[in-house]
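The letter at position 131 of the sequence shown is residue 131 when you use full-length UniProt numbering, and the numbering goes up by one with no holes. One structure is given here, and the rest of the page talks about it.
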Amino acid sequence: MRAPRHLAGRRHRAGGWKVTVAEDGGTLAPRRPAGAGHPATGAGRGRDRGAADRLVRDVHLDRDPGQDDDGEDARRPGLSTRRYPIGLEPVGEQVTEISTATSKSAASRKFVAMTETALADLLSKDLSGLDLVALMIDGVHFAETCCVVALGIDMDGNKHPLALVEGATEIATLVTGLLVDLRERGLDVTRPMLVGLDGSKALRKAVLDVLDRPVIQRCQLHKIRNVKDRLPERLRSSVGRKMTDSYHAASALEAEAALVALAKELDRTHPGAATSLREGLEETLTVLRLGVPPTLARTLRSTTNAIESMISVCREYATNVKRWRDGQMALRWCAAGMVEAGKQFRRVNGNLHLPTLRTALERHFSESVAPIVHNDQENAA
């Protein structure tokens with residue numbers, strides 16, 4: 001007995017093709033009319049050509065489900081994955097009932113995929129086109145994980161997220177590897193560059209080993225914190241205020257004199273704080289010594305100012321993270337925050353003075369290298 005026609009073939013009775021449609025953070029799966037043909041190949045196109053054309057016109061089949069072009073809906077700030085569906089645009093009760101990919105697990109998977117891409121792009125970005133005048137390196141913490149972050153400032157005053165690695169700035173091999181990676185990705189390390197550091201000796205050594213002409217500026221905020229940590233609570237406020245006033249002196253000589261006097265004062269009662277204050281004191285005054293104008297110096301005297309403003313964007317998005325599983329998770333979140341912050345960056349305050357800074361850096365090295373004088377008479381003797 002011959003089988004009924006509707007039991008076989010592509011266009012069986014009341015049949016159709018299953019189509020996945022992206023719709024504001026979720027996916028829909030309507031039935032494509034049988035006569036419309038296959039959504040990708042067009043095979044099986046039948047009588048309902050008009051319906052097919054309308055469906056193809058209204059549905060973008062090459063769009064990734066659940067993501068806008070910038071992936072914004074997958075990482076709505078302050079919205080946990082459990083509450084992800086309420087952040088979607090209203091599309092009607094009937095559409096909501098048949099939509100998929102809006103669960104907490106689907107939202108989490110989408111964000112993991114997006115942040116993995118952001119991390120890979122950040123760590124592989126070509127840096128050969130950058131003309132950096134300043135480089136900031138600091139460590140930031142996510143729960144128990146520490147990440148070392150590098151941020152560059154070019155001659156136009158634009159900030160550029162450069163690199164990210166898990167670990168602490170006290171690990172010499174780690175920070176050396178970070179700087180070597182920047183060089184291998186095309187960063188010009190032959191130009192004079194102001195390098196802001198948090199005070200780590202390992203990081204300082206790595207900078208001197210990898211960069212050709214670095215001028216180191218120790219973070220003043222880190223120095224103040226280190227000194228205050230060695231003082232009783234009753235003295236922290238007054239000593240911190242004295243150090244801040246000294247760092248805002250009119251010249252490096254005035255600032256150094258005030259800080260040395262403060263260290264002598266602390267010698268009698270709190271020698272540990274005095275020792276911490278003297279350690280690397282000259283490098284905390286580099287910006288003053290170079291004659292950088294106050295508007296630009298406000299940005300350059302501390303790694304915390306520039307880097308923390310960038311990481312604060314990441315912390316805003318990560319506010320609902322309750323469990324940091326491992327270092328890779330911290331790297332992904334940090335990379336996502338750095339990329340997102342890069343879209344919001346403004347030029348640094350005092351950017352018009354950056355050519356003056358470059359000139360001062362060049363002069364610093366020309367004065368530091370003593371000329372070689374050949375004494376012909378002495379050689380002859």
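Cβ coordinates follow ideal geometry from the N, Cα and C atoms, glycine included.
Secondary structure in the segment 289-315: no beta strand (DSSP E) run of 3 residues or longer lies completely within the stretch. Ranked by Cα distance from R204, the first of K223, R230, D229 and T176 is T176. Taking A143 as reference, the option from Q344, T319, K343 and R358 with the minimal CA-CA separation is T319. By the Cβ test, the segment 318-332 is in contact with the segment 115-129, since at least three Cβ pairs between them sit closer than 8 angstroms. Among the bridge pairs identified by DSSP, F142 is matched with T145. As computed with DSSP, R218 is found in a beta bridge with L197. In this structure, DSSP gives E166 an extended state, which the three-state scheme calls strand. Under the three-state reduction of DSSP, P192 is assigned to coil, being neither helix nor strand. No Cβ-Cβ contact shorter than 8 angstroms links L132 with A150. The three-state reading of DSSP puts D212 in coil, since its state is none of H, G, I, E or B.
Note on Q217: 16 or more other CB atoms within 10 angstroms of its CB, so buried under the neighbour-count rule.
When only Cα atoms are considered, T359 and K264 end up about 35 angstroms apart. H248 is positioned such that its CB atom lies no closer than 8 angstroms to that of L296. The C-beta separation of D126 from T304 comes to about 28 angstroms, leaving the pair out of contact by the 8 angstroms criterion. With three or more CB-CB distances shorter than 8 angstroms, the segment 255-264 counts as touching the segment 276-294.
For R234, the enclosing alpha helix (DSSP H) has its first and last residue at E233 to Y247. Judged by DSSP secondary structure, L285 falls outside any alpha helix (DSSP H); it is assigned neither H nor E.
For M338, the closest C-alpha among the options E254, E316, R268 and R241 is that of E316. In this chain, the alpha helix (DSSP H) harbouring A252 covers A252 to D267. Cβ-Cβ distances below 7 angstroms link L231 to V239, H270 and A273 in the same chain, with the five nearest sequence neighbours on each side left out; the list follows chain order.
Where M338 is concerned, the enclosing alpha helix (DSSP H) starts and stops at G327 to Q344.
In this structure, the CA atom of L235 is about 26 angstroms from the CA atom of S251.
Taking a contact as a CB-CB distance under 8 angstroms, the pair L285 and E256 counts as one, their CB atoms being some 6 angstroms apart.
G129 sits away from C146, with the two beta carbons spaced by 8 angstroms or more. In the DSSP assignment, D156 falls outside any alpha helix (DSSP H) and carries neither an H nor an E. Beta-bridge partners assigned by DSSP to A150: I137 and A163.
Within its own chain, the residues whose Cβ lies closer than 7 angstroms to the Cβ of A335, once the five positions on either side in sequence are excluded, are T115, A118, L119, L122 and L164, listed in chain order.
Across the set E282, R241, I311 and V287, the C-alpha of V287 shows the shortest separation from the C-alpha of L300. Assignment of beta-bridge partners to L132 by DSSP yields D154. Cα atoms of E254 and S246: separation of roughly 8 angstroms, rounded to the nearest angstrom.
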